[in-house]
Each structure stands twice: as C-alpha cells, then as structure tokens.
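J.:
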Amino acid sequence: MKLLVTGGAGYIGSVVTRMLLDAGHRVVVLDDLRTGHPEALAPEAEVVRTSIHDAATVLTPDAGFDGIMHFAALIAAGESMVKPEIYWANNTVGSLALLDAARVAGVPRFVFSSTAAVYGDPASVPIPETAAPLPTNTYGATKLAVDMALTSMAAGHGLAATSLRYFNVAGAYLRPGTALGERHEPETHLIPMALRVAAGKLEKLQLFGDDYPTPDGTCVRDYIHVEDLARAHLLALEAARPGEHRVYNLGNGNGFSNRQVVEAVREVTGRPVPAETAPRRAGDPAILVASSERARTELGWLPARPALTDIVADAWAFYQEQILAEQS
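Taking this note's numbering, the leading residue of the sequence shown gets 34, the next gets one more, and so forth.
Take a look at the structure:
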C-alpha cells in the first residue's frame with residue numbers, strides 16, 4: 034500500500050513508519066517538525082514538511098494513497114488545560130482538514146491515534162470501549178471530537194476508520210542500526226523524566242498528587258511497550274472495513290502507580306531517583322487501565338512485552354545510547 038503517516042518524525046509515528054516500511058509498504062511522512070525530530074525519520078520514506086492543515090497539497094486525487102495513519106498531535110494534558118486554543122486548533126481543526134482532504138482524494142482507510150484520556154475519570158476499571166467518554170482535560174476532548182468525526186465520515190462517505198485509544202506508551206524500538214524512542218521537549222511523561230533524574234540530568238522527580246483514591250495515593254496508569262502499540266496499527270490497517278468506524282483500547286490491562294514506576298526505574302538503572310510530591314495537575318484521572326479484549330478478539334492482538342521492567346529497560350537503553358550520547 035501507499036500510506037501517508039502524519040507525525041512520522043514523532044515517537045510513535047516513527048516506529049510505525051519503520052514497521053510499515055519493513056512490511057513492504059510505501060510511506061510518505063507528513064510532519065511540520067514542530068515537535069518531531071529529523072533524526073527519527075526513516076531514510077526510505079518520502080518526507081513532506083508541512084502542517085496537517087495543508088494536507089490537501091499532498092493528498093491530491095491522483096496521488097494514489099491507500100490509507101492514512103494519523104499521529105500528528107499535541108499531547109501534554111496539563112498544557113492543554115492552560116493553552117486550550119492551540120490544542121483545539123491543532124488536534125481537532127487540523128484533523129478535520131486532514132479528513133476533508135482524504136475525502137476529496139478518495140483515500141479509503143484512516144487509522145487514528147486516539148487516547149485513553151477520552152474516558153476521563155472512569156467509573157470502573159479495566160475500561161472497555163463501551164465506557165462513556167467523559168474527558169477531564171482539553172487534550173482528551175480534542176481527541177474525542179476527532180473520534181466522533183470519524184464515525185460520521187464512515188457513515189456518510191464509506192471511510193474504513195479505526196481509532197486506537199492508547200493508554201501510557203513507553204519503551205523504545207531497538208534494532209541494529211535503528212533506535213527510536215521518546216525525546217519530547219519539554220518532556221512531561223513519567224518514565225523518561227525519571228530516567229533523566231537517574232542520569233543526573235535532573236535533580237529530582239515531581240509526582241503530581243499523593244491523595245488520589247489509589248493504594249499509595251499516586252495516579253495509576255496502564256503501560257504498553259511502543260513495539261506492541263505499533264504492531265496493533267498494522268493489524269488495524271488490514272482489518273479496516275468500508276463504512277465502519279472501529280474503536281480499540283490498547284493497553285496491558287495492568288495498572289502501576291507513579292511510585293511503582295519510580296521503583297522500576299531505580300531497579301533497572303541501579304541509580305537513585307529522588308522524588309517529591311507536587312500538587313495535582315488539573316484534569317489528571319486517578320486510574321486509567323485498559324480492557325483490550327476487543328483488540329485481542331477482533332485484531333488478534335496481544336501485548337508481547339508487557340513487563341514494566343522490560344519497558345523501562347528499553348527506554349533506558351535508548352536514553353543512554355542516543356540522548357546522552359548526543360549531549361556528550
């Protein structure tokens with residue numbers, strides 16, 4: 034297939050691009066490099082540096098695209114609460130422009146990088162796809178709006194659409210000659226932040242809130258290895274059916290508290306990770322843990338690397354071999 038990958042210079046988009054190319058697909062990456070990284074771009078992919086708002090310049094009716102994998106988004110939940118306008122403009126308005134360009138060009142398949150944040154603070158866990166979406170932050174609301182648009186586009190125009198709702202993605206894709214991992218700036222995700230502390234690049238780690246209704250008072254999240262997540266995208270692409278919008282949760286089904294994650298980083302790195310409690314961040318749910326039974330049943334997807342220490346070990350290897358090496 035000929036596929037457009039938006040955000041292909043980002044963390045997850047770059048790993049999916051690599052897997053698509055290895056599977057024999059032709060890939061065009063669309064990325065404005067505002068938050069992406071040129072070094073993450075696959076050399077075999079064609080790269081177009083532009084905004085998703087201008088996707089129609091690439092998705093022309095004669096371009097012959099068979100599908101779109103859409104990863105381009107702003108992702109910091111905390112920032113989305115203080116700068117909501119940029120999240121609505123990029124995540125929702127930009128996605129609608131991309132969808133309209135896809136409609137005009139007749140692109141038949143669309144796989145969307147959605148999020149567990151659409152569920153907000155769920156009434157029960159693990160969370161199935163049938164749970165009512167009630168986002169507690171702007172980031173989740175912007176993603177839910179696109180999910181709803183995909184339902185309409187599938188019904189109205191026969192689009193084969195899939196939304197993959199991620200829980201917490203971590204780890205790295207490590208192969209001879211290829212190392213792809215998290216390198217957000219500013220970084221807001223717990224595991225890479227804890228690794229910075231372990232490496233001596235930060236004095237201490239902040240844990241936002243210790244009074245949540247959880248066993249140790251800190252937030253609980255479901256962590257999934259980026260390789261497992263990327264593999265689900267290829268399965269979703271093959272399983273997409275015209276006129277249907279399918280939604281799948283992707284997680285391991287196990288929750289780890291922030292304090293447990295910090296302990297895993299200490300275990301893997303063998304280094305101290307000083308941590309202090311900070312006030313809660315607006316919009317942070319107490320517990321997000323996935324039920325991925327639908328993905329297992331319909332896509333044949335199972336996480337191959339569910340262990341938290343395995344996820345942290347790959348993230349640590351990437352951080353040492355790539356980020357620290359670049360900074361030295």
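For each residue, glycine too, the CB sits at the ideal point set by N, CA and C.
Suppose you measure from the CA of Glu260 to the CA of Leu335; what does that come to, to the nearest Å?
T.: 11 Å
J.: Could you round the C-beta distance between Val62 and Val81 to whole angstroms and report it? I think they count as a contact, below 8 Å.
T.: 7 Å
J.: From the DSSP output, which residues share a beta bridge with Met102?
T.: Val38, Val144
J.: Assuming Arg314 is part of the alpha helix (DSSP H), what are its boundary residues?
T.: From DSSP, Arg314 is part of no alpha helix (DSSP H); its letter is neither H nor E.
J.: What separation, rounded to the nearest whole angstrom, lies between the Cα atoms of Gly173 and Arg208?
T.: 33 Å
J.: Considering only C-alpha positions, which residue in the set Leu177, Ala109, Val322, Met186 is nearest to Ala134?
T.: It is Met186 whose Cα lies nearest to the Cα of Ala134.
J.: Looking only at C-alpha atoms, which of Leu66, Gly191, Phe104 sits nearest to Lys176?
T.: Phe104
J.: With DSSP run on the structure shown, which of helix, strand or coil describes Val172?
T.: Residue identity check: residue 172 is Tyr in the sequence provided, not Val. Three-state result, Tyr172: helix.
J.: Using C-beta distances below 6 Å, list every residue in its chain close to Tyr44, excluding the 5 sequence neighbours before and after it, in chain order.
T.: Glu215
J.: Can you check DSSP and say which residues form a bridge with Gln239?
T.: By DSSP's assignment, Gln239 forms a beta bridge with Glu309.
J.: May I have the straight-line CA-CA distance separating His217 from Ala73, to the nearest angstrom?
T.: 12 Å
J.: Is the number of C-beta pairs between the region 339 to 351 and the region 271 to 283 that are closer than 8 Å three or more?
T.: No, the region 339 to 351 does not touch the region 271 to 283.
J.: In or out: Asp244 buried (at least 16 other Cβ within 10 Å) or exposed?
T.: exposed
J.: Around the C-beta of Gly333, are 16 or more other C-beta atoms found within 10 angstroms, so that it is buried, or is it exposed?
T.: exposed
J.: Compute the Euclidean distance between the alpha carbons of Asn285 and Arg229, then round it to the nearest angstrom.
T.: 25 Å
J.: Return the CA-CA distance between Ala315 and Met114, expressed in angstroms with no decimal places.
T.: Spanning the two alpha carbons is a distance of roughly 7 Å.
J.: Is Ser290 helix, strand or coil when you go by DSSP?
T.: strand
J.: Going by Cα to Cα distance, which pick from Val144, Phe143, Arg142, Pro161 is closest to Val151?
T.: When each option's Cα is compared against that of Val151, the closest is Pro161.
J.: Rounding to the nearest angstrom, what Cα-Cα distance links Val202 and Leu262 in this structure?
T.: 8 Å
J.: For Ala193, report the span of its beta strand (DSSP E) as first-last.
T.: Counting along the chain, the unbroken beta strand (DSSP E) around Ala193 starts and ends at 193 to 199.
J.: What did DSSP end up calling Asn123 once you bin it into helix, strand or coil?
T.: helix
J.: So, do the region 219 to 228 and the region 284 to 303 have three or more beta carbon pairs nearer to each other than 8 Å?
T.: With a cut-off of 8 Å, the region 284 to 303 and the region 219 to 228 count as touching, because enough Cβ pairs lie within range.
J.: Cβ atoms of Ala323 and Asn282: under 8 Å apart, would you say?
T.: yes
J.: Among the candidates Glu236, Ser47, Leu131, whose CA atom is the shortest distance from the CA of Ser84?
T.: Leu131
J.: Which ranges would you report for the alpha helix (DSSP H) in the region 230 to 281 if only whole runs of at least 4 residues count?
T.: 259 to 272
J.: In whole angstroms, what separates the C-alpha of Thr50 from that of His258?
T.: 16 Å
J.: So Ala122 and Asn170 are in contact, right, with Cβ under 8 Å, and what is the actual spacing, rounded?
T.: Rounded, the Cβ-Cβ distance is 16 Å, inconsistent with contact.
J.: According to DSSP, simplified to helix, strand and coil, what is Ala337?
T.: coil
J.: With DSSP as the reference, identify every bridge partner of Glu300, one or two as the case may be.
T.: Bridge partners of Glu300: none, in fact.
J.: What span of residues does the alpha helix (DSSP H) with Glu162 cover, start to end?
T.: Unbroken run through Glu162: none, as it is neither H nor E.
J.: With Pro327 as the anchor, note down where its alpha helix (DSSP H) starts and where it stops.
T.: Inspection of the sequence shows that residue 327 is occupied by Arg rather than by Pro. Element bounds for Arg327: 326 to 332.
J.: My assumption, with CB atoms under 8 Å, is that Gly288 sits in contact with Arg264. Please give the rounded CB distance.
T.: With a Cβ gap of about 22 Å, Gly288 and Arg264 do not count as contacting.
J.: Using beta-carbon positions only, say whether Phe98 and Ala42 come within less than 8 Å of one another.
T.: no
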